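So for the sequence shown, numbering that gives the first Met the number 0 puts the first residue at 0; every next one is plus one. Note that beta-carbon positions come from the ideal geometry of N, C-alpha and C, so glycine has one too. Every value quoted in this text rests on a predicted model; they were computed, and no experiment measured them.
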Amino acid sequence: MSEGLSGTEAGREISEHAKHSSAHHAADRRDWIVSIAEAVLLSLVTLAAAWSGYAAAKWNGESSDWLTAAVEARTDASRADLDAREDRNFDLSTFETWFDAYVAGDEHAMALAARRFRPEFAVAFNAWRATRPDTNLTAPRGPTYMPQYRQPRLAEAKALDEKADDAYAAGTADDVTADKYVRTTLFLASVLFLVGISAHFPVRGARYGLITLGAVVLVAALVQLAQLPRPHT
Numbered sequence: 000m001s002e003g004l005s006g007t008e009a010g011r012e013i014s015e016h017a018k019h020s021s022a023h024h025a026a027d028r029r030d031w032i033v034s035i036a037e038a039v040l041l042s043l044v045t046l047a048a049a050w051s052g053y054a055a056a057k058w059n060g061e062s063s064d065w066l067t068a069a070v071e072a073r074t075d076a077s078r079a080d081l082d083a084r085e086d087r088n089f090d091l092s093t094f095e096t097w098f099d100a101y102v103a104g105d106e107h108a109m110a111l112a113a114r115r116f117r118p119e120f121a122v123a124f125n126a127w128r129a130t131r132p133d134t135n136l137t138a139p140r141g142p143t144y145m146p147q148y149r150q151p152r153l154a155e156a157k158a159l160d161e162k163a164d165d166a167y168a169a170g171t172a173d174d175v176t177a178d179k180y181v182r183t184t185l186f187l188a189s190v191l192f193l194v195g196i197s198a199h200f201p202v203r204g205a206r207y208g209l210i211t212l213g214a215v216v217l218v219a220a221l222v223q224l225a226q227l228p229r230p231h232t
């Protein structure tokens, strides 16, 4: 019996080594592809997270501006409404003084009271007097019931209230949009987590599964980002 390896044994060893080398090369190639996939996912997540964070900050800023404008408009509306109430109270007071003088038949006191009328009230008062309320039973009850009686500050208060409502609605809507961007950022953070822990799994199947799940979550997050309104420049 000859010593050493026979030709058959040598051929078998060479064949086994070739299979092992081929399998090792294939495994290295798969690991390389997985590493590339992880790098691509991480790059996309980084860019998407940066954009989402920027958009959330912009929408938060716009929401704050709108809500501040709503508070200012509401304050101005309250001030205008208070002025209108004071004007109406003054009109009622001067008219009551005039009416008392009218009932007493004091022409001088009537003229004195009429001179204290505000210009806006004087227009309504003259229109009311033209209806002959002393003899006309269908005449309005007083000058403040006349269509000519207008209070510019009351109209201003109403307009400011509407402005405040619109600003508040816009601010609330922008805040909701900012929250949606923040929620998307949380999804992107989960992708970072999945890709990060995948490298610690020695079982390739688990690693592939985590990367695939991360890719699915990333696609869902990107779709959501595409559907959200862009921040105003």
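- Which of helix, strand or coil DSSP assigns to residue 192: In the three-state reduction of the DSSP assignment, residue 192 falls in the helix class.
- Item | Boundaries of the alpha helix (DSSP H) in which residue 109 is found, first to last residue | Per DSSP, residue 109 belongs to the alpha helix (DSSP H) from 106-114.
- Three CB pairs or more closer than 8 angstroms across the region 55-74 and the region 179-188: Yes, they touch.
- Query: Does the Cβ of residue 131 have 16 or more other Cβ atoms within 10 Å, making it buried, or fewer, making it exposed?
  - Reply: Its Cβ having fewer than 16 others within 10 Å, residue 131 is exposed.
- Other residues of its chain near residue 38: CB distance less than 7 angstroms, five sequence neighbours each side excluded: Around residue 38: no qualifying Cβ.
- Quick one: grab the DSSP three-state call for residue 148. Residue 148 sits in coil when the DSSP states are folded into three classes, being neither helix nor strand.
- Measure the alpha-carbon distance for residue 212 versus residue 154 and round it to whole angstroms. The alpha-carbon of residue 212 is positioned some 59 angstroms away from that of residue 154.
- Nearest to residue 45 by CA position, among 194, 187, 156 and 81, is which residue? Minimum Cα-Cα distance from residue 45 among the listed residues 194, 187, 156 and 81 corresponds to 187.
- Message: Using the three-state DSSP reduction, which class does residue 221 fall into: helix, strand or coil?
- Response: Assigned with DSSP and collapsed to three states, residue 221 falls in helix.
- Task: Let me know the secondary structure DSSP gives residue 209 once reduced to three states.
- Result: Helix at residue 209.
- Message: Using C-beta distances below 6 angstroms, list every residue in its chain close to residue 136, excluding the 5 sequence neighbours before and after it, in chain order.
- Response: Closer than 6 angstroms at Cβ, skipping near neighbours: no residue.
- With a Cβ-Cβ cutoff of 9 angstroms, do residue 79 and residue 156 count as a contact? It is a contact, given that the beta carbons lie within the stated cut-off.
- Query: Near residue 230, which residues of its chain fall below 8 angstroms by C-beta distance, leaving aside the five closest residues on each side in sequence?
  - Reply: The beta carbon of residue 230 sits closer than 8 angstroms to those of 53, 54, 57, 58 and 61, all from its chain and outside the five residues before and after it, given in chain order.
- Using 8 angstroms as the Cβ pair cut-off and three pairs as the minimum, do the region 142-154 and the region 78-94 touch? Because the criterion of three Cβ pairs below 8 angstroms is met, the region 142-154 and the region 78-94 touch.
- Query: Is the distance from the Cβ of residue 47 to the Cβ of residue 167 below 9 angstroms?
  - Reply: No Cβ-Cβ contact shorter than 9 angstroms links residue 47 with residue 167.
- What do you reckon, are the CB atoms on residue 217 and residue 40 nearer than 9 angstroms? Between residue 217 and residue 40, the C-beta gap is smaller than 9 angstroms, which places the two residues in contact.
- Message: By the DSSP assignment, the alpha helix (DSSP H) with residue 118 in it spans what residues?
- Response: Unbroken alpha helix (DSSP H) run through residue 118: 118-129.
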